[in-house]
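Q:
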Amino acid sequence: MRLSIRVILFMALKDIFKDKRILALVVFALTIGYTNVLMSTAVMNSFIGLFYDQITDTTVPHIVVEPREEKKFIEHTESKVKNIEGIAGVVGVASHLNSSGIVILKNKNIGCSVVGITSSLEKNISIIPEKIEKGNFLNDKEKTSVLIGTMLADDLEVSVGQRVTLVYSNGVKREYSVKGIVNTGFLFVDMLNVYVTREEIESVFGTHDRSTEIGVRLADRDAVGTYKLLIMKQLPSDDVKTWEEKMGFFVQLIGVLKIIWNAIRMMGLLTVIVTIAIIIYVNVTSKRRQIGILKAIGARNHIVLGIFLLEAVLWSMMGTFFGLILSHVLAYILNSIRIVLPIGLLVLRISSEAILLTVFLIFIASLLAAFMPARQGSRINIIKAIWGG
Amino acid sequence: MSVIKTDALKKTYMLGKVPVPALRGVDIDVVKGEFVALMGPSGAGKSTLLNMVGMLDSPTSGDIFIDGTNVSTLSENMRVDFRLEKIGFIFQFFNLFMELTALENVILPMMLLGKDMNECRRQGRELLHLVGLDERENHLPSELSGGEQQRVTIARSLVNNPSFLLADEPTANLDTENASQIVTLFRRLNAELGITIFMVTHEEELGQKADRIIRLRDGVVV
């Protein structure tokens, strides 16, 4: 096939750079299209990643063991915790004894979730110990203190050191000193949760070695399915759920958001496809005579096809290059502004996977978009092209 | 030795369902080193015959021989290669690539043949020198006059050492002075280098400069 590539490259580059203003306009359009695709991917992945991280770091561990529907508690918690800890790949296990409650300060009373934690183990399954905004975390034996979510504390207008009354679901009413304010940035934790020690809540409910949930943290969050089966075998009398099953509604919600985001991404991709198709079509139409001459002097159809396809690829490469720069600049600016969502601080990350996927998609889209008009150009009748008609 | 030979060449176009004969059995024979002008009134079939000889179109019947090869039966790709290697085209509207310099326009057919770039440039410069455009090799067509553009086209047509040049009304868009220069150049190429030229023209004065005139009327040689 002779050295067709050289001619294709030579002619494509000459054509692309013949008019700098048009080149700038085309590359700008493609840059915007590429940025749209990459940024929508980055926003989607960052949002979903943040949401999933916040859920599994603060609210629902990777795997949750709960009592069966007919039971209120998981029995023999300590031995079960030890059993689960023995499974390779499990990085942390801790049990909670939870209750609903009402927290009262002066004339304000607000419903809340009371989470009974073993303070020394909590760090194994959540980041709550690291998220003390004011004050300190609880000690295992502490019976007179609580931690309160920051939004709940704001609603109550309570600060560290002040005393609040907590009414448990069984009607027991106790008074505590606020030892710390928890600020995870995750709405559901900061607005609802009050933390007490396990020892304290056991005394409220007059129970021992029982829990309402055992949380399990894994080295690999994506392996929950496998570990769920392993834990189910060890604890046949309890209900074992993955965090996705436990947060079913929210996971479904994210699924819907993903569809919307993907639709936006597809629109961006479509913009790129249409832009390239129009450019190549206009190029082919306006260069009929030149194509005719090229074919008349001895260029085979594949050379003409190759020139236009390569132009599309080169344009998309330039759009990709500048789109990549623009996307990183935008991400840097948005991260500097600090976008705080109800689920936490959104940090936009443009992953190498997203870049590779987008480059691949744009590359394929460019070729597909250019193919039809390029083929039309390559099949131009020489006589009609040169002499009209 | 025949460079171009046609045998009972016919071409009929269809205007809707109505057949319109353009060539009605043309026999011509152009031998190596000849400078032949193809003349005739409008609608005589000059362009049709040029397209056939240039292998840009296929005859309805009859045969075309280029350098002794019957090109009527060649495949599309073989016709393209044959054009590239055997025919130098010179069109009425100069038809240069506007984004390429004079030198790049000249060497493009050599590049299509896959020749070494240094060799392409060397030969391209030689040809530009031959047509008197040594100083203009880096100029774009838009920076050249009509006559200069046509000379670049002539240099391009010579680049692959073709069997013959096929010129379609090469002076039609030139003023008298430039037209005269082009004709002089043709004569020089023919006389000094022995290049075979098959030229379509409607200008009697230009035709008279050729060795021989083939006159076409209503699709037949008269």
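Note that the protein sequences, when read in sequence, are chains R and A.
Taking our numbering, the leading residue of the first sequence gets 85, the next gets one more, and so forth.
Taking our numbering, the leading residue of the second sequence gets 1289, the next gets one more, and so forth.
Note that the Cβ used here is the ideal one computed from N, Cα and C, for glycine as well.
By the criterion of Cβ-Cβ separation under 7 Å, what are the contact partners of A:E1387 in chain R?
A: Within 7 Å Cβ-Cβ: K98, D99, K102.
Q: Is it true that the CB of R:D274 sits closer than 8 Å to the CB of R:V280?
A: No. Outside cutoff.
Q: DSSP three-state label for A:T1484, please.
A: The answer is strand: DSSP assigns A:T1484 an E or B state.
Q: Given R:V308, which residues of its chain have a CB within under 8 Å of its CB, disregarding the five upstream and five downstream residues?
A: H146, I147, L302, T326, W327, E328, listed in sequence order.
Q: I need the DSSP call for A:N1448, collapsed to helix, strand or coil.
A: DSSP places A:N1448 in coil when its eight states are reduced to three.
Q: Round the Cβ separation of R:A453 and R:V368 to the nearest angstrom and send it over; I've been treating them as touching at under 8 Å.
A: Actually they do not touch by this definition, with Cβ atoms about 13 Å apart.
Q: Between A:V1368 and chain R, is the shortest Cβ-Cβ distance under 8 Å, so that the two count as touching?
A: Output row for A:V1368: interface = yes.
Q: Helix, strand or coil: how does DSSP classify A:L1400 here?
A: Helix at A:L1400.
Q: Just list the residues that DSSP pairs R:G176 with in beta bridges.
A: R:R301, per the DSSP bridge assignment.
Q: Got a sec: is the Cβ-Cβ distance from R:Q460 to anything in chain A below 8 Å?
A: By this cut-off, R:Q460 is not an interface position.
Q: Look at the alpha carbon of A:I1316 and the alpha carbon of A:I1502, and state the distance between them as a whole number of angstroms.
A: One C-alpha to the other measures close to 8 Å.
Q: From what residue to what residue does the alpha helix (DSSP H) around R:V413 run?
A: Start and end: 385 to 421.
Q: Taking 8 Å as the limit between beta carbons, can you name the residues of its chain near R:I132, skipping five residues before and five after?
A: Same-chain partners within the cutoff: I338, L341, K342.
Q: Along chain R, in chain order, which residues have C-beta atoms closer than 7 Å to that of A:D1345?
A: Residues of chain R passing the Cβ test: I467.
Q: For A:D1351, I'd like the list of residues in its chain whose CB is within less than 6 Å of its CB, leaving aside the five on either flank, ordered along the chain.
A: Within the same chain, A:D1351 has close Cβ partners D1295, N1358, S1360.
Q: Give the residues of chain R in contact with A:R1371, contact being defined as C-beta atoms less than 9 Å apart.
A: Here the neighbours are K379, A380, I381, G382.
Q: Does the structure place the stretch 1378 to 1390 of chain A close enough to the stretch 1425 to 1444 of chain A that three or more beta carbon pairs sit under 8 Å?
A: Touching, per the Cβ criterion.
Q: In this structure, what does DSSP give as the bridge partners for A:N1406?
A: None; A:N1406 has no bridge partner.
Q: Candidates R:V177, R:G264, R:M235: which alpha carbon is nearest R:R247's?
A: Out of R:V177, R:G264, R:M235, R:G264 has the C-alpha closest to the C-alpha of R:R247.
Q: For a test of your reading of the model: does the CB of R:V198 fall under 7 Å from any non-hydrogen atom of the ligand COA? Yes or no.
A: This structure does not include the ligand COA; it has no bound ligands of any sort.
Q: I need the straight-line Cα distance from R:V198 to R:A438, nearest angstrom please.
A: Cα-Cα distance, rounded: 40 Å.
Q: With the cut-off set at 8 Å, would you say R:T115 and R:L410 are in Cβ contact?
A: Closer than 8 Å, so yes.
Q: Within 8 Å (strictly less), CB to CB, does A:M1399 reach chain R?
A: Closer than 8 Å: yes.
Q: Between R:Q374 and chain A, is the shortest Cβ-Cβ distance under 8 Å, so that the two count as touching?
A: Closer than 8 Å: yes.
Q: For A:S1290, does the three-state DSSP call read helix, strand or coil?
A: DSSP places A:S1290 in strand when its eight states are reduced to three.
Q: Taking CB distances under 8 Å as the criterion, tell me whether A:L1396 reaches chain R.
A: It does; some Cβ of chain R falls within 8 Å.
Q: Pick helix, strand or coil for A:N1365, following the three-state DSSP scheme.
A: Reduced to three states, the DSSP call for A:N1365 is helix.
Q: Let me know the secondary structure DSSP gives R:V278 once reduced to three states.
A: R:V278: strand per DSSP, three-state reduction.
Q: Would you mind reading off the limits of the beta strand (DSSP E) that contains R:F101?
A: No beta strand (DSSP E) holds R:F101; DSSP gives it neither H nor E.
Q: Nearest CA to the CA of R:I89: which residue from A:H1427, A:K1403, A:R1410, A:E1436?
A: Residue A:K1403 is the option with its Cα nearest to R:I89.
Q: With 9 Å as the limit, tell me which residues of the stretch 353 to 368 of chain R have their beta carbon closer than that to any beta carbon of chain A; keep them in chain order.
A: Hits within the stretch: zero.
Q: Evaluate R:M456 with the Cβ neighbour count: other Cβ atoms within 10 Å of its Cβ, from every protein chain shown; 16 or more gives buried, anything less gives exposed.
A: So R:M456 counts as exposed.
Q: Distance check for R:G299 and R:I209, CA to CA, integer angstroms please.
A: Roughly 7 Å between the two C-alpha positions.
Q: Flag A:F1379 as yes if its beta-carbon sits less than 8 Å from any beta-carbon of chain R, otherwise no.
A: Yes, because at least one Cβ of chain R sits closer than 8 Å to the Cβ of A:F1379.
Q: Excluding the 5 residues preceding and the 5 following R:A469 in the sequence, name in chain order all residues of the same chain whose CB lies nearer than 7 Å to its CB.
A: These residues qualify, in order along the chain: R372, R373, I375, G376.
Q: Would you kindly work out how many angstroms separate the C-alpha atoms of R:Y252 and R:V288, rounded to a whole number?
A: The straight-line gap from Cα to Cα measures roughly 8 Å.
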